[in-house]
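A.B. asks: The numbering of the sequence shown is full-length UniProt numbering, which starts it at 1 and goes up by one.
A virtual CB, placed ideally from N, CA and C, is assigned to each residue, including glycine.
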Amino acid sequence: MLTFYLLQEQKKYIEEYMNKVSRSFALVTPCLEEPLDAFMSIAYLIFRVADNIEDCQKPFEWQRCRFNEFKRLLKEPNVAPDILSNWSFDDWWGLNTDQKELMTLEHGLMLWKIYALVPDSVREIIARWAEAMVEGIEKILDDQQKPLMVTRNGVRILAEENDYSSYCYFAAGTVGLMGTELAIDHYQFNTDTAKGLLSHSQTCGQALQKTNIVKDFPEDLANGICYLPDVWIQEADNLPLLLKGAPKKWTQKILGNVMTEINNSVSYVIDIPYEAVGYRLASLMCLLPAYQTLLSAAEQHDKLFTPEHSVKISRSCFSKCMEDAKFMVRDNNALLDYSQKLQTLVEVAFT
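(1) Residues bridged to Thr151 by DSSP?
(2) For the alpha helix (DSSP H) containing Arg123, name the first residue and the last one.
(3) List the DSSP bridge partners of Ile225.
(4) Which complete alpha helix (DSSP H) runs does the stretch 164-245 hold, if anything under 4 residues is left out?
(5) Smallest Cα separation from Ser265: which of Ala298, Ile213, Ser339 and Asp324?
(6) Cβ of Gly136 within 8 Å of Cβ of Asn223?
(7) Buried or exposed: Ala334, going by 16 or more other Cβ atoms within 10 Å of its Cβ?
(8) For the stretch 44-93, which segments carrying the alpha helix (DSSP H) assignment without a break, of at least 4 residues, lie completely within its bounds, in sequence order?
(9) Where do the N-terminal and C-terminal ends of the alpha helix (DSSP H) with Lys312 fall, by residue?
(10) Run through DSSP, which three-state label would Gln292 get?
(11) Mapping DSSP to helix, strand and coil, what is Gln300?
(12) Sort Asn162, Asp91 and Lys75 by Cα distance to Cys56 and report the nearest one.
(13) Quick one: measure Cβ to Cβ for Leu208 and Pro307, integer angstroms, because I've assumed they're closer than 8 Å.
(14) For a test of the three-state rule: what should DSSP assign to Pro30, helix, strand or coil?
(15) Counting C-beta neighbours from all protein chains within 10 Å, is the total for Lys249 16 or more, i.e. buried, or is it exposed?
(16) For Ser319, which three-state DSSP category applies?
(17) Do three or more CB pairs link the stretch 309-322 to the stretch 252-263 at distances below 8 Å?
(18) Asp185 and Val122: beta carbons closer than 8 Å?
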């Protein structure tokens, strides 16, 4: 197991920005043992820098230049002062205040200083998958490459189902693979265990991505983008793009696709050895809220893709997920029962 220590100032920085960019994930990483908790948090923030470049409403050529600089930072974090100094003069249009902060010299430099301190093997894993993510996102943003996006009613939309799958892999499947490799490195899982986890690892990230695509549909639409594929949108006569709802069977199909991805993630958690308590708990803390978010969507399916579209779980529901995760951390049968129960509840919600 690797040894790695952060100064109190560095720990405070990581905690502060984890809470700023993702309060839910900020509750997950403390479940992990040291130093895996620090490595996962650092990696998550690095990936968020790439997300910010993608989400910034700028021309593709501008984004490509920033991605190239990001890839250089992955390999040479010592150049961060120069690159972030230049980034500080950009307006980062489309990002909120907390997102913009991470891109500046004043607030972002500490992240790259911490990243430079992590062990070489860990930094290699983070850099390799962050670069894979960026290269995939560049293909999506480039109109000349696949996965392909089309424009309809002024909204950019992923064209085909395969494009949707590719986007979810690049945006989140890579994160799942990265996290799995960090866990394998930390716990020193045997070859068979590692192979089993890697075979399912991308589904975890993709399950969360697809859940968020449904949850954040109106917000994405307001930003001129739709991640559900055009081939599906046309099946609903483009009504979702106008926030005029959708046929019940169509909505059921969309949520069913997400449910399949979440169910596949169950196999991943089951493959995590019981002795890796922290990683099992953290994985469950990602999985169970995804199930509950999907149930929330199903229970108000008649309001989805309308101005009343609002999919989220309450604090009490999230707290219950934490309790359930602790109960299941050493009980795969309990997880399977929970999965079956949630599948049934989602089906019942449509009857």
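C.D. replies: If we stick to the structure as given:
(1) Within the sequence shown, numbered from 1, the residue matching residue 151 stands at position 151. Thr151 is bridged to Arg156.
(2) The count along the sequence shown starts at 1 and reaches residue 123 at position 123. Its alpha helix (DSSP H) spans residues Asp120 to Leu141.
(3) Taking the first residue of the sequence shown as position 1, residue 225 is located at position 225. Listed as beta-bridge partners of Ile225 by DSSP are Arg156.
(4) List check, alpha helix (DSSP H) in window: 174-187, 191-215, 217-222 and 230-235.
(5) Translated into positions along the sequence shown, residue 265 becomes position 265. The closest CA to that of Ser265, considering only Ala298, Ile213, Ser339 and Asp324, is found on Ser339.
(6) Translated into positions along the sequence shown, residue 136 becomes position 136. Translated into positions along the sequence shown, residue 223 becomes position 223. In this structure, Asn223 does not lie closer than 8 Å to Gly136 by Cβ.
(7) Indexing the sequence shown from 1 puts residue 334 at position 334. Ala334 is classed as exposed because its beta carbon has fewer than 16 other beta carbons within 10 Å across all chains shown.
(8) For the alpha helix (DSSP H) assignment, the uninterrupted runs of no fewer than 4 residues enclosed by the stretch 44-93 are, from N- to C-terminal side, 60-75 and 80-87.
(9) Counting from 1 along the sequence shown, the entry for residue 312 is found at position 312. First-last for Lys312: undefined, no H or E at that position.
(10) On the sequence shown, position 292 is the one that residue 292 refers to. DSSP places Gln292 within a helical segment (H, G or I) once states are collapsed to three.
(11) Taking the sequence shown and counting its residues from 1, the one referred to as residue 300 is at position 300. In the structure shown, the three-state DSSP call for Gln300 is coil.
(12) Locating residue 56 in the sequence shown gives position 56, counting from the first residue. If you compare the alpha carbons of Asn162, Asp91 and Lys75 with that of Cys56, the shortest gap goes to Asp91.
(13) Reading the sequence shown from its first residue, position 208 is the one you call residue 208. Reading the sequence shown from its first residue, position 307 is the one you call residue 307. Actually they are not in contact, since the Cβ atoms of Leu208 and Pro307 sit about 25 Å apart, beyond 8 Å.
(14) Here the question's residue 30 lines up with position 30 in the sequence shown. Looking at Pro30 - three-state DSSP - the assignment turns out to be helix.
(15) What you label residue 249 is simply residue 249 of the sequence shown in a count that begins at 1. When all chains shown are included, Lys249 counts as exposed.
(16) Residue numbering aside, residue 319 sits at position 319 when the sequence shown is read from its first letter. Looking at Ser319 - three-state DSSP - the assignment turns out to be helix.
(17) The stretch 309-322 and the stretch 252-263 do not touch, with fewer than 3 CB-CB distances between them shorter than 8 Å.
(18) Working through the sequence shown from its first residue, we reach residue 185 at position 185. Working through the sequence shown from its first residue, we reach residue 122 at position 122. Taking a C-beta distance under 8 Å as the contact criterion, Asp185 and Val122 qualify as a contact pair.
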